[in-house]
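In my numbering, the protein residues as written are 196 to 572.
To start, the structure under review is shown below, and the notes come after it.
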C-alpha cells in the first residue's frame, strides 16, 4: 500500500514539473504580436509663436436696418413673418397701388395731349415758314411788301417759340409719367439684400407715410468682428494682419484686421478695431452682437518648438510625453511654455522632428512596444 502511495506522489511531481516547464516556454509569435499597442503620433515641430491677450469682442452685421416704405399709402399686405429668411428682391410688403395707377393713367393722357399740341404747333411753324419763303421770292418784284415780309418773319418766330414751349411741356409730362411709374413700382416693397426679418412694424390695413419703417432686416451672413482694443495694443494690429478669435462654442477661427477707427473712448482708453472673419466649420448659427474672444498680439512673432496638447500627461514629477523610438515608447519629462492654439511651446525635453504619442498614451508604460496607427503625422 505504501508503495502505491509513493508511486502516486512521484507521478504527481512529474506532472507538475511538466506543467511548469511548458508554462515557462516562450509565447508563440502571434501572442507576442498581440502585446504591441497601436498609437497615434505627431511630430514635434517649430511654429510661429505670438504672445496674445484675450479681448472680448462681438460679431456685427454689415447690413442691418429698417426697410421703409418709399411711397405713402395704405398697406395691402405684409408678406413676411418674424424669423423668415428672404433673398434679395423678395417681396416684403404690398402698398395699395390703385390711386397711383389712376394718377399714372392721367399723366399718360396729359403726355399724349402735350404731344398732340407739339405736332399742331410744328404744323403752324411749317405754314409760317412757307409764307416767309414766298415773301422772300417777291423781294425783287413790284408785288413785294416790306410790311408783309416782316410780319411773316414775326409769325415764324412766334410759331418756333410755341414749338419749343410745347416740346418742353412734353418733356415735363414724360418726366411726370416716369415718376408715376416709379411710384407704382414702389408699392411693391422688396428686400434690398438677403437676410432674416427680426421685426414687423405694421400690419395690413394701416396707412403709412413715405419713409415709415415696415420691417427690420438683418444679414446674418455678412458679419465682421468688432473689438475695443486698448490703445497701447493697436500698434500690433496693422490692417491685413491675421489674428485668432474664439466663438462661445469653443471653436477657433482666423480674422484679418480691416480697420482701426480713429476714435478713442476717453473712459476706457480703447479704440474700435474691425476684423474680417474667416470662419471654419460653423457648429451653431451665428448672431448679431454674439460675443467672441479675440487673441490680440502683445509681442513680436518668434519661432518656437511645439508639441500637441494631447501628448501631455500630467504626472507628480511634472509634464510627461511618450516619444516613439525604434517602435518603443520612451517616457520623457518636458518643460512647457505658453499655449499656442492646440499646442504647447516646448522649453526643454524634446527635439524638432521627434514623434510623440497623442492617442493611446494614457495606457502606455515606459518601454512598451508600439505600432503607428492610421491618421498619424
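Ideal Cβ positions, reconstructed from N, Cα and C, are used throughout, including at glycine.
Everything numeric in this text was worked out from a predicted model, so none of it was measured.
**Burial state of residue 557 (16 or more Cβ within 10 Å)** = As a first step, residue 557 must be located in the chain shown, where it is residue number 362. By the neighbour-count rule (16 or more Cβ atoms within 10 Å), residue 557 is not buried but exposed.
**Asked** If you draw a straight line from the C-alpha of residue 307 to the C-alpha of residue 333, how long is it?
**Response** Indexing the chain shown from 1 puts residue 307 at position 112. Indexing the chain shown from 1 puts residue 333 at position 138. Residue 307 and residue 333: Cα-Cα distance of roughly 40 Å.
**Sheet register partners of residue 249 (DSSP bridge)** = Translated into the one-based positions of the chain shown, residue 249 becomes position 54. Per DSSP, the beta bridge partners of residue 249 are 490.
**Asked** According to the Cβ coordinates, are residue 414 and residue 389 closer than 8 Å?
**Response** Here residue 414 refers to the residue found at position 219 of the chain shown. Here residue 389 refers to the residue found at position 194 of the chain shown. One thing to note: residue 414 has its Cβ within 8 Å of the Cβ of residue 389.
**Straight-line Cα distance separating residue 303 from residue 270** = Counting from 1 along the chain shown, the entry for residue 270 is found at position 75. Counting from 1 along the chain shown, the entry for residue 303 is found at position 108. Whole-angstrom Cα-Cα distance: 25 Å.
**Request:** Can you give me the start and stop residues for the alpha helix (DSSP H) that residue 300 sits inside?
**Result:** Residue numbering aside, residue 300 sits at position 105 when the chain shown is read from its first letter. Segment 293-332, the alpha helix (DSSP H) holding residue 300.
**Request:** Inspect the beta-carbon positions of residue 516 and residue 530 and report whether they are closer than 8 Å.
**Result:** On the chain shown, residue 516 is found 321 positions in, with the first residue counted as 1. On the chain shown, residue 530 is found 335 positions in, with the first residue counted as 1. Contact annotation: residue 516 and residue 530 have beta-carbon atoms that are not nearer than 8 Å.
**Message:** In the DSSP output, what is residue 261 paired with across the bridge?
**Reply:** Translated into positions along the chain shown, residue 261 becomes position 66. According to DSSP, which records beta bridges pairwise, residue 261 is partnered with 411.
**Asked** Taking C-beta to C-beta, are residue 349 and residue 330 nearer than 8 Å?
**Response** Counting from one through the chain shown, the residue named residue 349 turns up at place 154. Counting from one through the chain shown, the residue named residue 330 turns up at place 135. Their beta carbons are not under 8 Å apart, which means residue 349 does not touch residue 330 by this criterion.
**Prompt:** DSSP state of residue 475, grouped into three classes?
**Reply:** Residue 475 sits at position 280 when you count from the first residue of the chain shown. It is coil, neither helix nor strand.
**Message:** Helix, strand or coil, according to DSSP, for residue 373 in the structure here?
**Reply:** The residue labelled residue 373 in the question sits at position 178 within the chain shown. Under the three-state reduction of DSSP, residue 373 is assigned to helix.
**C-alpha gap between residue 554 and residue 521, whole angstroms** = For the purposes of this step, residue 554 is taken as the residue at position 359 of the chain shown. For the purposes of this step, residue 521 is taken as the residue at position 326 of the chain shown. One C-alpha to the other measures close to 18 Å.
**Item:** Contact check, residue 260 vs residue 571, beta carbons under 8 Å
**Value:** Here residue 260 corresponds to residue number 65 of the chain shown, with the count starting at 1. Here residue 571 corresponds to residue number 376 of the chain shown, with the count starting at 1. In this structure, the beta-carbon distance from residue 260 to residue 571 does not fall below 8 Å.
**Request:** Taking 8 Å as the threshold, find out whether the stretch 250-257 comes into contact with the stretch 369-377 through three or more Cβ pairs.
**Result:** Contact between the stretch 250-257 and the stretch 369-377 is absent: fewer than three C-beta pairs spanning the two stretches fall below 8 Å.
**Request:** Please report how far the alpha carbon of residue 588 lies from the alpha carbon of residue 480, in whole angstroms.
**Result:** Any answer about residue 588 is impossible in this case: the structure gives the chain only from 196 up to 572.
**Secondary structure, beta strand (DSSP E): runs of 3+ residues fully inside the stretch 425-455** = Secondary structure within the stretch 425-455: the beta strand (DSSP E) runs of 3 or more consecutive residues, fully enclosed, are 437-442 (chain order).
**Straight-line Cα distance separating residue 399 from residue 279** = For this step, residue 279 is matched to residue 84 along the chain shown. For this step, residue 399 is matched to residue 204 along the chain shown. Approximately 18 Å, taken between the alpha carbons.
**Cross-strand partners of residue 513 (DSSP beta bridge)** = To locate residue 513, count along the chain shown from 1; it is residue 318. According to DSSP, residue 513 bridges with 510.
**Message:** Judging by CA-CA distance, which residue of 446, 274, 281 is the nearest neighbour of residue 486?
**Reply:** Walking along the chain shown from the start, residue 486 turns up at place 291. Taking residue 486 as reference, the option from 446, 274, 281 with the minimal CA-CA separation is 446.
**Request:** Decide yes or no for the touch test of the stretch 501-518 against the stretch 469-479: beta carbon pairs closer than 8 Å, at least 3 of them.
**Result:** With a cut-off of 8 Å, the stretch 469-479 and the stretch 501-518 do not count as touching, because too few Cβ pairs lie within range.
**Prompt:** With 16 other CB atoms within 10 Å as the buried threshold, where does residue 513 fall?
**Reply:** One-based indexing of the chain shown puts residue 513 at position 318. Classification for residue 513: exposed.
**Item:** Same chain only: Cβ atoms within 8 Å of residue 459, ignoring 5 sequence neighbours per side
**Value:** As a first step, residue 459 is located in the chain shown; it is residue number 264 there, counting from the start. Cβ contact annotation for residue 459 (same chain, cutoff 8 Å, sequence separation greater than five): 426, 465, 466, in chain order.
**Prompt:** Do you know how far the Cα of residue 242 is from the Cα of residue 538?
**Reply:** Locating residue 538 in the chain shown gives position 343, where the first residue counts as 1. Locating residue 242 in the chain shown gives position 47, where the first residue counts as 1. Near 9 Å, if we compare the C-alpha coordinates of residue 242 and residue 538.
**Asked** So what does DSSP say about residue 567, is it helix, strand or coil?
**Response** As a first step, residue 567 must be located in the chain shown, where it is residue number 372. Here residue 567 carries a strand assignment [DSSP, helix/strand/coil].
**Message:** Buried or exposed for residue 574, going by 16 or more other Cβ atoms inside 10 Å?
**Reply:** Nothing about residue 574 can be read from this structure; the chain reaches only from 196 to 572.
**Asked** Taking the Cβ atom as the reference point for each residue, do residue 494 and residue 540 lie within a distance shorter than 8 Å?
**Response** Translated into the one-based positions of the chain shown, residue 494 becomes position 299. Translated into the one-based positions of the chain shown, residue 540 becomes position 345. No, the Cβ-Cβ distance between residue 494 and residue 540 is not below 8 Å.
**Prompt:** I think residue 492 touches residue 431, with their Cβ atoms under 8 Å apart; what is that distance to the nearest whole Å?
**Reply:** If you number the chain shown from 1, residue 492 lands on position 297. If you number the chain shown from 1, residue 431 lands on position 236. The pair is a contact, with the Cβ atoms about 4 Å apart (cut-off 8 Å).
**Item:** Local conformation of residue 363 per DSSP, three classes
**Value:** As a working mapping, residue 363 is identified with position 168 in the chain shown. Three-state DSSP puts residue 363 in a helix.
**Message:** Please return the same chain residues whose Cβ sits closer than 6 Å to the Cβ of residue 552, not counting the five positions on each side in sequence.
**Reply:** Indexing the chain shown from 1 puts residue 552 at position 357. Only 234, 236, 517 meet the Cβ criterion.
**Item:** Residues near residue 504 in its chain [Cβ-Cβ closer than 8 Å; skip 5 each side]
**Value:** If you number the chain shown from 1, residue 504 lands on position 309. Counting only Cβ-Cβ distances below 8 Å, and skipping sequence neighbours, we find 534, 537, 538, 539.
**Message:** Here's the rule I'm using: 16 or more other beta-carbon atoms within 10 Å means buried, otherwise exposed. How should residue 273 be labelled?
**Reply:** Position 78 of the chain shown, counted from the first residue, corresponds to residue 273. Buried, by the Cβ-count rule.
**Request:** Rounded to whole angstroms, what's the CA-CA distance from residue 463 to residue 369? Just pull it up for me.
**Result:** Position 268 of the chain shown holds residue 463. Position 174 of the chain shown holds residue 369. Cα to Cα, residue 463 sits roughly 58 Å from residue 369.
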